[in-house]
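Positions in the sequence shown are counted from 1; adding 12 to them yields this note's numbering. The C-beta atom is built at its ideal place from N, Cα and C for all residues, glycine as well. Predicted model, so just to flag it, every value in this text is computed and none were measured. In what follows, a single structure is set out as structure tokens and then discussed.
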Amino acid sequence: MDTRSFNLIDIALGEIDKAIKTLTAPSHSSRPAPAAPEGEVLQEAQRALSARLMRVNHSGEVAAQALYQGQALTARDATVSAALRHAAAEETDHLAWCELRLRELKGRTSVLNPLWYAGSFAIGALAGALGRSASLGFVAETERQVESHLRSHMERLGRADRRSLAILEQMTHDEIQHGAQAAALGGKELPFPVAVAMRLTSLLMTHGSYWL
Ligand SMILES: [Fe+2]
Ligand SMILES: [Fe+2]
Numbered sequence: 013m014d015t016r017s018f019n020l021i022d023i024a025l026g027e028i029d030k031a032i033k034t035l036t037a038p039s040h041s042s043r044p045a046p047a048a049p050e051g052e053v054l055q056e057a058q059r060a061l062s063a064r065l066m067r068v069n070h071s072g073e074v075a076a077q078a079l080y081q082g083q084a085l086t087a088r089d090a091t092v093s094a095a096l097r098h099a100a101a102e103e104t105d106h107l108a109w110c111e112l113r114l115r116e117l118k119g120r121t122s123v124l125n126p127l128w129y130a131g132s133f134a135i136g137a138l139a140g141a142l143g144r145s146a147s148l149g150f151v152a153e154t155e156r157q158v159e160s161h162l163r164s165h166m167e168r169l170g171r172a173d174r175r176s177l178a179i180l181e182q183m184t185h186d187e188i189q190h191g192a193q194a195a196a197l198g199g200k201e202l203p204f205p206v207a208v209a210m211r212l213t214s215l216l217m218t219h220g221s222y223w224l
């Protein structure tokens with residue numbers, strides 16, 4: 013077997029390892045989870061709703077890990093790779109916070125997460141291969157859509173679950189930064205049909221993870 017084949021196998025094994033860790037191992041955050049007032053007690057209906065919404069957000073963060081991993085694999089521009097790595101570290105915080113909150117709410121993660129990971133990884137790898145401006149434009153559009161999704165979840169949570177709200181508020185703040193950074197680095201606006209296709213994919217994910 014030649015060196016190139018060995019390298020490809022190495023890369024593939026590394027990516028499979030990252031996927032398994034994201035899907036099965038507990039995530040660790042570099043920043044503590046945003047705090048909320050102590051002693052908050054939720055009614056059962058609110059707890060069940062919060063658990064479903066945080067399961068959806070956890071799936072979104074699993075997909076974000078895959079998107080960034082896929083893009084980092086194929087991106088050739090060093091500035092883009094550095095920005096992707098910085099954003100990916102914050103996405104790991106989001107993943108860990110959603111996991112923690114799901115445990116507190118006695119919720120479970122979605123059985124569909126492997127599917128979202130595989131699909132998002134492929135989309136990310138494709139976006140990364142399209143070059144700097146398309147790749148960054150893809151990040152900017154993704155983060156814009158995530159921001160509007162998080163805002164809708166904050167409205168649905170109401171004021172009863174301030175712990176989940178505090179987490180989603182910090183995530184929204186971070187996603188806005190990720191999107192702004194990608195746009196500032198030269199991300200170009202995506203063609204309308206691509207943005208619509210991305211929105212339909214995210215609707216599939218939010219509905220799938222809400223129930224499953
Ligand atoms: Fe995130
Ligand atoms: Fe983000």
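Item: Identify whether THR104 lies in helix, strand or coil by the three-state DSSP scheme.; Value: helix
Item: For LEU20, which option in GLU52, THR86, ARG120, ALA75 has the closest C-alpha, if you only look at C-alpha atoms?; Value: THR86
Item: Can you find a heavy atom of ligand 2 that lies under 7 Å from the Cβ of GLU187?; Value: yes
Item: Considering Cα atoms alone, identify which of ALA134, GLY198, MET210 is closest to ALA282.; Value: Residue 282 lies beyond the range of the chain shown here (13 to 224); nothing can be said about it.
Item: Look at the alpha carbon of THR213 and the alpha carbon of ASN69, and state the distance between them as a whole number of angstroms.; Value: 15 Å
Item: Have a look at ARG174 and ARG113 and give me their C-alpha separation to the nearest angstrom.; Value: 11 Å
Item: Is the number of C-beta pairs between the segment 112-126 and the segment 66-82 that are closer than 8 Å three or more?; Value: yes
Item: Count the other C-beta atoms from every protein chain shown that fall within 10 angstroms of the C-beta of PRO44, then say buried if there are 16 or more, exposed otherwise.; Value: exposed
Item: I'd like to know whether the C-beta atoms of SER41 and ALA108 end up nearer to each other than 8 Å.; Value: yes
Item: Please say whether ALA100 and TYR129 have beta carbons closer to each other than 8 Å?; Value: no
Item: Would you kindly work out how many angstroms separate the C-alpha atoms of ALA146 and MET210, rounded to a whole number?; Value: 14 Å
Item: Of the residues MET183, LEU197, VAL158, which one's Cα is nearest the Cα of PRO46?; Value: MET183
Item: At 3 residues or longer, and completely inside the segment 62-143: list those beta strand (DSSP E) runs for me, N to C.; Value: none
Item: Just checking my contact of HIS161 with THR218 at CB under 8 Å: how many whole Å lie between their CB atoms?; Value: 7 Å
Item: Looking at ligand 2, does it come within less than 7 Å of VAL74, judged from the CB to the closest heavy atom?; Value: no
Item: When the Cα atoms are used, what is the spatial distance from ASP89 to LEU54?; Value: 47 Å
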